[in-house]
Structures are given as C-alpha cells and as structure tokens.
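Everything below concerns the one structure shown next.
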Amino acid sequence: MNLSFVEEYLPPIIKEMIDVMGLELTEKLVENFGGTTFNFSNGNVYYQRLKEKLGENNAARFYHYFQCEKIYIPQCKRALQELKKFRFYRDFCYLTDTEGKSARIAMIELCPKYKISDRYGWKIISSMRHHSPQGDLFAR
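The sequence shown begins at 1 in full-length UniProt numbering and counts up one residue at a time.
Put into structure tokens, the structure is as follows:
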C-alpha cells in the first residue's frame, strides 16, 4: 500500500518500524501501545506484553530489532485517521464499482464496520473524490 497520503503525519520512528516490520504490524503496535514508552531491553515485562498483543513471532521480531532501546511509541492519531478514511473510500469504491452495489447499500455495510456515521462517510467520499486525480474531460 502506498503511504504517501499519510507519510507527512508519521514520526521517523514509525516510518522505521513500517520499513522493518510492515504497516499492518506497526499499526497493531501503535493501536496497542501508542502513547507509551517501551523498554525493549527489559525482556520479561515488556516482551510478555508484546507477545500477548502481537503474537510470539512478531514480538520476537520487534524485540530483536529494537533490543536494548527505550522507545516512545507515538499515538499517530492523525495518520490512523487518514488511513481509516482511505480504507473506507477504497472499500466503498470496491463495493460500488466492482461489485455493482448502490452507494447507499455500500454505506449501510461500511459505516458499522468502520464505526462511523453515514454523514461522516458521505463527507469522506466527497472529499476523496474531490482530491482524486482525474483526467481532463476534453483532452485529445
């Protein structure tokens, strides 16, 4: 997934984590531990918490990469919000363009999934369509 639309909202440590561990795993880490300082050198306490939330293999990857470091994990609220809007729009386009569902049916399916109101969903659709690159209608 191209992260250029949220990159400006990501702190350097999060960009590094995404490069090393991938977006999905980093997002899970931020959702579970965002806003806290994580001491990767204290194996027993912190590693156990990582393991509980991310699974054994993923915890081992984080621990191995950041060993002996104390890292503040930002909450990344703005970036997560923008990512959620992008995913909502992507899913909306899939349902309407690929599956042929009406926009209203797509809203009924997606708003509960993303825990947003349909009014906010329509705002997302409107703003994303407004900012989507579109070819010139009369270009030759």
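All C-beta atoms in this analysis are idealised placements derived from N, C-alpha and C, irrespective of residue type, glycine included.
Query: Close-in-space but distant-in-sequence residues of the same chain around E31 (CB under 8 Å, 5 per side omitted); Result: L80
Query: Cβ-based burial, V45 [other Cβ within 10 Å; buried from 16]; Result: exposed
Query: Counterpart residues of N39 in DSSP-defined beta bridges; Result: K70
Query: CB contact flag (D91, A106, <9 Å); Result: yes
Query: Rounded C-alpha distance that separates S126 from H64; Result: 44 Å
Query: Cα-Cα separation between R78 and Y9, rounded to whole angstroms; Result: 6 Å
Query: Inter-stretch contact at 8 Å, needing at least 3 Cβ pairs: the segment 107–124 / the segment 60–76; Result: no
Query: Boundaries (first-last residue) of the alpha helix (DSSP H) holding C76; Result: Taken as a continuous stretch (DSSP letters only), C76 belongs to no alpha helix (DSSP H), as it is neither H nor E.
Query: For V30, three-class secondary structure by DSSP; Result: helix
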